[in-house]
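Have a look at the structure below before the remarks.
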Amino acid sequence: MAQEPGARAESPSKAPHAPTELCDLATLKALAQPRRQRMLQHLTLHGPATSATLARALGLNTGSTSYHLRELARYGFVEELSEPRGQGRQRWWRAVPGDRRFPPRSRQSPEMRLVMNELNHDVYAADLELFEQTQLQAGGYEDPWADAFPYSRGSIRLTLPELRAFFEEYIALLNRYKRPDADTPRGARTVLTRFLAFPAPGAAPETHPAPHNRRESDPS
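Just so you know, numbering that gives the first Met the number 0 puts 202 at position 203 of the sequence shown, and the rest follows in order with no gaps.
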């Protein structure tokens, strides 16, 4: 999960949502719990699940998943489905859609920064592990999704307001492609997207124009 400008916590969505800033320390602590992060990732990838389903998938016990689901629901990250699914009286849960953002680092208290550092470290590691695992498991030439791993590294020269605008344009692009399940064409798959941008270490703003032949980006 990225930081300011416009940090965003990932969750599935059927329509664009107004941004909500998560500025309450208790809410951030609830979100940062590693097992809850794993549960949210599973709900994002595989859709609604019961506490028993999550326990089997993640190697946890049902009592643990039930507790963490209730805590996630308490802070608005998951919700219980109202319509019945399957047999019996099982409780099904889904991730709540939303464009959730974190306070800019300049407005974070020292304790909040510690929570955010831990949260970001765990999430970045989980994202990289999932990317590498999925890429290794991709099929060969007979698999039409074998090449579905676009990747780019680059650099651009921006002012801070331009960087904020750049991020909002990225979010708007994501929202353009979000649609209800009924409008999703056959053959579509859930595609996980991540955005990361940060100023180059030790680079101070230049007071003179950059050379015209300077290479600004190097996508790969």
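C-beta atoms are modelled at their ideal positions from N, C-alpha and C, and glycine is treated no differently.
Assign residue i to one of three DSSP states: helix, strand, or coil.
i       : result
Val-77  : strand
Ala-48  : strand
Asp-126 : helix
Ser-219 : With a pLDDT of only 34 at Ser-219, under 50, the local geometry of the prediction cannot be trusted, and the value read off the model is given with reservation. It is coil, neither helix nor strand.
Arg-175 : helix
Thr-133 : helix
Gln-40  : helix
Ala-72  : helix
Arg-34  : helix
Ala-164 : helix
Glu-117 : helix
Ser-151 : coil
Asp-180 : helix
Tyr-169 : helix
Ser-108 : coil
Gly-185 : One point to set straight first is that residue 185 is Arg, not Gly, in the sequence displayed. Three-state result, Arg-185: coil.
Tyr-140 : coil
His-211 : Low local confidence applies: a pLDDT of 43 at His-211 is under 50, so the model's placement there is unreliable, and no value is given.
Leu-57  : helix
Gly-97  : coil
Thr-158 : coil
What are the boundary residues of the alpha helix (DSSP H) that includes residue i?
i       : result
Thr-26  : 24-31
Pro-102 : Where Pro-102 is concerned, there is no enclosing alpha helix (DSSP H), given that its DSSP letter is neither H nor E.
Going by CA-CA distance only, name the one from the options that's closest to residue i.
i       : options                            : result
Leu-159 : Glu-128, Pro-143, Phe-197, Glu-141 : Phe-197
Gly-62  : Arg-34, Glu-141, Ser-108           : Arg-34
His-127 : Asn-174, Phe-165, Thr-192          : Per the sequence shown, the amino acid found at residue 127 is Leu instead of His. For the residues Asn-174, Phe-165, Thr-192, the minimum Cα distance to Leu-127 belongs to Thr-192.
Ala-31  : Pro-149, Gly-153, Gly-46, Asp-121  : Asp-121
Pro-103 : Ser-154, Tyr-169, Met-115          : Met-115
Phe-101 : Leu-27, Glu-110, Ala-137, Gly-201  : Leu-27
Leu-195 : Asp-142, Ile-155, Leu-135          : Ile-155
Trp-144 : Arg-152, Leu-135, Leu-118          : Leu-135
Between residue i and residue j, which are expected to be in contact by the criterion C-beta below 8 Å, what is the C-beta distance as a whole number of angstroms?
i       : j       : result
Leu-21  : Arg-69  : At roughly 19 Å, the Cβ-Cβ gap does not stay under 8 Å, so Leu-21 and Arg-69 are not in contact.
Gly-139 : Thr-19  : Going by Cβ atoms, the distance from Gly-139 to Thr-19 rounds to 43 Å, so no, they are not a contact pair.
Leu-157 : Phe-165 : 6 Å
Skipping 5 residues on each side, what residues in its chain have a beta carbon closer than 7 Å to that of residue i?
i       : result
Leu-113 : none
Leu-44  : Thr-189
Leu-129 : none
Gly-75  : Val-95
Tyr-123 : none
Gln-36  : Asp-121, Val-122, Ala-125
Taking 6 Å as the limit between beta carbons, can you name the residues of its chain near residue i, skipping five residues before and five after?
i      : result
Tyr-64 : Going by the sequence as given, residue 64 is Thr instead of Tyr. So the list reads Ser-50, Leu-53, Ala-54, once near-sequence residues are dropped.
Gly-58 : none
Ala-14 : Unreliable placement is indicated for Ala-14, whose pLDDT of 45 sits below 50; no coordinate value is reported for it.
For residue i, which residues in the same chain have their Cβ closer than 8 Å to its Cβ, ignoring the five residues on either side in sequence?
i       : result
Ala-72  : Glu-78, Glu-79, Trp-92
Val-190 : Ala-147
Gln-132 : none
Glu-110 : Leu-24
Ala-181 : none
Ala-17  : Asp-98
Assuming residue i is part of the beta strand (DSSP E), what are its boundary residues?
i      : result
Ala-94 : 92-94
Glu-20 : 18-20
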